Amino acid sequence: MLDMLSFMAAPFAACLVLIGIHGYFGLHVLSREVIFIDIALAQIAALGTTVAFLLHINPESTAAYLFSLGFTLIAAAVYSLTRFRRQVIPQEAIIGITYAIAAAAALILTDKAAGGAEHVKDMLTGSILWVKWSELLPCALVYIGVGLLHIIFRKKFVLISQNYTNAVNKGIPIRLWDFLFYASFGLVITHSVRMSGVLVVFAILVIPSTLSALFANSWAVRVTIAW
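What follows is the structure in structure tokens.
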């Protein structure tokens with residue numbers, strides 16, 4: 003019994019850490035009406051790891067992480083530049099297109115690679131049950147740093163997510179703050195995908211925040227319910 007509790011302690015802590023930060027970002031996703039931004043960024047982060055894998059770089063290495071983060075930051079820049087007051091093309095459509103391209107590219111690139119099928123499986127489902135404390139600590143530090151950024155500038159982030167027009171009228175540089183939002187979100191996603199996979203990350207972002215929205219209006223209460 004004690005051995006089982008000891009074995010499950012790190013995965014349980016990982017779940018708590020993941021749900022805390024993703025529950026918060028989920029509220030932004032719902033307010034911005036970009037539900038699939040998480041799975042798109044997660045897939046793009048996974049594509050970066052796939053490219054590193056094909057270059058014979060260990061998927062668990064720092065170099066592979068930098069590939070993943072680089073791809074994610076490029077996507078963050080694209081998303082911040084494609085949001086306008088009058089959307090001719092819905093941003094959700096752009097997000098869907100980037101997800102489809104990233105998913106197709108990952109499958110094509112791994113199709114003929116040795117161990118490609120196993121890499122795709124790990125990319126989708128992750129290995130959160132086998133997470134170690136040494137892997138969880140860096141993720142927790144990143145999440146804390148991102149959380150502090152969003153606490154300090156919460157008024158701007160929340161205003162832009164909830165009332166885009168009002169934020170524009172107040173003279174807030176939307177694209178700069180959108181990039182900061184998507185870049186910080188992408189940084190979280192990059193760590194989360196490495197630990198728990200694309201599908202789990204999408205589930206913990208959307209499901210808790212959606213359920214919390216049914217019971218409360220306050221962001222603080224929603225985050226608490228989601229967690």
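In the numbering used here, the protein residues as written are 3 to 229. Backbone N, C-alpha and C fix where the C-beta goes; we use that ideal spot for every residue, glycine too. Remember, predicted model here, so these are calculated numbers, not experimental data.
Between residue 24 and residue 227 the beta-carbon gap is near 14 angstroms, outside 8 angstroms, which marks them as no contact. According to the DSSP assignment, residue 172 belongs to no alpha helix (DSSP H), since it is labelled neither H nor E. According to the DSSP assignment, residue 47 belongs to the alpha helix (DSSP H) that extends over 39-56. Annotation for residue 221: 29, 160 place their beta carbon closer than 7 angstroms to its own, counting only its chain and skipping 5 residues before and after.
Per DSSP, reduced to three states, the secondary structure at residue 229 is coil, with no helix or strand assignment. Scanning 182, 189, 162 for the CA closest to the CA of residue 173 turns up 162. In the three-state reduction of the DSSP assignment, residue 220 falls in the coil class, being assigned neither a helical nor a strand state. Counting only residues of its own chain and dropping the five nearest sequence neighbours on each side, residue 16 has a CB closer than 8 angstroms to the CB of 130, 133, 138, 141, 197, 198. For residue 85, there is no enclosing alpha helix (DSSP H), as DSSP marks it with neither H nor E. Under the three-state reduction of DSSP output, residue 91 falls in the coil class, being neither helix nor strand. Between the beta-carbon of residue 32 and that of residue 167 there is about 18 angstroms, and that puts the pair past the 8 angstroms contact cut. Residue environment for residue 36: buried (at least 16 other C-beta atoms within 10 angstroms of its C-beta).
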